[in-house]
Amino acid sequence: MRFFFRSRQFKIIAAVLAVLIAVSAVCVAVKGFVSPQTNILGSLFSPIQNLAANISESFNGLRERMSDNNKLMLENEKLKEELADLTEQLLEYEDLEKENEHLKDYLEIKDKHNDFQLAPAMMIALDSIDPYGSFTINCGKLDGVALHDPVITDEGLVGYISEVGLSFSKVTTILSPEISIGAYDKRTRDVGAVSGTISLAANNQTKLYNLTRNCSVTVGDYIVSSGGGIFPEGLLIGTVESVNQEKHNASLYASLSPAVDFENINEVMVITYFSGQGTISDIAGE
Amino acid sequence: MTVMYKKTAVSVITAIFLLILSLIQFSSVKFLNIGISAPVLSLGLTVAVAYYLGEMYGFVWGLISGMCTDALSSSQICFSTIALTLIGLIGGLIITHYFNRNFAALSVLSIIASIVYFLADLIVHMIFSGDDILAYIGMYSLPSLIYTAVFGIIITVVYGFAIRKSRIN
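Residue numbers (our numbering), protein chains in the order written: chain G, 1 to 286; chain Z, 1001 to 1169.
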């Protein structure tokens, strides 16, 4: 084993490890930096992930369609040809209707916030190692997405873009402690900040903290973003499930049930621009 | 006795394993999650390669598996790349020079590799996150560690069957 440590192989190994540590240090120093190998591998993998996601969605739709087909064929045995035509038309209609519903939901968002510029995206990979539910979407710099762009669905706020590649991006959700969103109670106007914790993330919840002791936040209240930073104002974050005392200080916190169903998330929108959009450095006052 | 394998054949088999495990780990459906804990399948593959093929293959495939994991996960600091590279190298060295290749050694290697990985993950989490550490250990690290160690053993056994035909001696 001594000879191994004196060998040329060991020197090569030590050099590779030194390069890796240097790249890591750069990643730590420049938040959001995507290392070259991550960019290359992510760009290579994202078409495969796209294909896998499309295939699984097609199989789900095919199974439902086959069940509908069987019901219609049993009811209309004599009119098989006409039924086949009608079924084909129905399938096309359902696809168009689903797309139309999806677009109508986002048109409502555009109507409410006509300064938003939106980039549609689809989830192509879920990071099962991350306990806070982060995932990868199929749009990146080439689609106008930038670091810290907010990500939403028609239901509410999902999170923000934490890494941007050329054709993919990674989304950190509101369940994560890395994220901190200025927020307020829509009914009482009590102000706080939303960030995740592991114990709440396990129950698919997030935390509204820094509430004063005399706040009027109660169960069922809607919590929205307060704006002024990287998130626009008025995005629905979630509803209050409970209000509790903090362990280590006198303030209160509320556990929130997110507006977005993270278990069934599939299509999202990235807000690539909104009026008053700030950056992390703006908030830090640098 | 040192077992030799055909280099091209094991490299192709290992690449196929890596592709399949990556697609399972990062698919849009949480196949393997129990709550928020999940096994790190790339660690299982690194243990398998280190166990059967030694330190150099463990180093190379730990590096490749780690890079793929970092590329596909939300990790921002090449954590998996460094962790799996070192686990592959040191695991391979330990198995080659200090243990016989049997089920007990495989179990110990898988458990130790999981402990090292999740300890490093906990340290990184402590540095970059203000989350409750005890809750993180109890709800995520410990269950995921056990889950990963079990999957490490399973993946190694399956990998062993896959490369069996590539043995030279």
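Yeah, the Cβ is synthetic: ideal placement off N, Cα and C, and Gly gets one too. This structure is a prediction, so every number in the text was calculated from the model and none was measured.
- The beta carbon of Z/Q1025 lies closer than 6 Å to those of L1041 in the same chain, with the five residues before and after it left out.
- Shortest Cα-Cα distance from G/L236 to any of G/Y184, G/N210, G/N214, G/V145 involves G/Y184.
- A residue is called buried when at least 16 other Cβ atoms come within 10 angstroms of its Cβ; G/D115 does not meet this threshold and is exposed.
- DSSP, reduced to helix, strand and coil, places G/I265 outside both helices and strands of the structure shown, so it counts as coil.
- Secondary structure note for G/Y253: its beta strand (DSSP E) is the uninterrupted segment 252-258.
- Annotation: Z/M1126 has no Cβ neighbours in chain G at a cutoff of 7 Å; minimum Cβ distance is about 12 Å.
- A direct Cα-to-Cα measurement between Z/G1066 and Z/I1153 gives close to 18 Å.
- Contact residues of the stretch 181-198 of chain G toward chain Z are S195, G196, T197, I198 (C-beta to C-beta distance below 9 Å).
- For G/P150, the enclosing beta strand (DSSP E) starts and ends at 150-152.
- DSSP lists G/I152 as the bridge partner or partners of G/L157.
- Between G/D143 and G/A119, the CB-CB gap stays under 8 Å.
- For G/E97, the uninterrupted alpha helix (DSSP H) segment begins and ends at 80-112.
- In this chain, the alpha helix (DSSP H) harbouring Z/D1121 covers 1103-1128.
- The C-beta of G/E178 comes closer than 8 Å to at least one C-beta of chain Z.
- Between the stretch 186-203 of chain G and the stretch 1124-1141 of chain Z there are three or more inter-stretch CB-CB distances shorter than 8 Å, so the stretches are counted as touching.
- G/P150 has its alpha-carbon roughly 8 Å from the corresponding atom of G/T272.
- Against G/G234, chain Z offers no close residue; the least beta-carbon distance is about 27 Å (beta-carbon pairs closer than 7 Å).
- Between G/A18 and chain Z, the shortest Cβ-Cβ separation is not below 8 Å.
- For G/S195, the secondary structure class from DSSP, reduced to helix, strand or coil, is strand.
- For the pair of segments examined, the stretch 87-94 of chain G was found to touch the stretch 62-72 of chain G: the number of CB pairs separated by less than 8 Å reaches three.
- For G/V224, the closest of G/V240, G/A29, G/E163, G/I137 by C-alpha to C-alpha distance is G/V240.
- The Cβ neighbour count for G/F274, taken over all protein chains shown within 10 Å, is at least 16; the residue is labelled buried.
- In the three-state scheme derived from DSSP, where H, G and I count as helix and E and B as strand, G/M122 is classed as strand.
- Among the CB atoms of chain G, none fall inside 8 Å of the CB of Z/S1011.
- Counting only runs of at least 3 residues, the stretch 162-210 of chain G fully encloses the following beta strand (DSSP E) elements, listed from N- to C-terminal order: 169-173, 181-185, 191-195.
- Taking CB atoms only, G/I137 has no neighbour in chain Z less than 8 Å away.
- Taking 8 Å as the upper bound for CB-CB distance, Z/Y1147 and Z/I1036 are not in contact here, some 11 Å apart.
- Excluding the 5 residues flanking it on each side, Z/L1045 has same chain C-beta neighbours closer than 8 Å at T1014, F1017, L1018, L1021, W1061, S1065, I1155, Y1159, in chain order.
- The beta carbon of G/N39 lies closer than 8 Å to those of G165, L166 in the same chain, with the five residues before and after it left out.
- Closest option to G/R189, judged by alpha-carbon separation, among G/S176, G/E233, G/L147: G/E233.
- Within a 10 Å sphere around the beta-carbon of G/E246 sit fewer than 16 other beta-carbons, which makes this residue exposed.
- In this chain, the alpha helix (DSSP H) harbouring Z/E1055 covers 1055-1072.
- The shortest C-alpha to C-alpha distance from Z/E1055 to any of Z/L1072, Z/S1075, Z/T1085, Z/T1081 is the one to Z/T1085.
- Here G/T206 is near G/G238, since their CB atoms are less than 8 Å apart.
- For a cut-off of 8 Å, the C-beta gap from G/S226 to G/G182 is around 4 Å, short enough to register as a contact.
- The beta carbon of Z/L1023 lies closer than 6 Å to none in the same chain, with the five residues before and after it left out.
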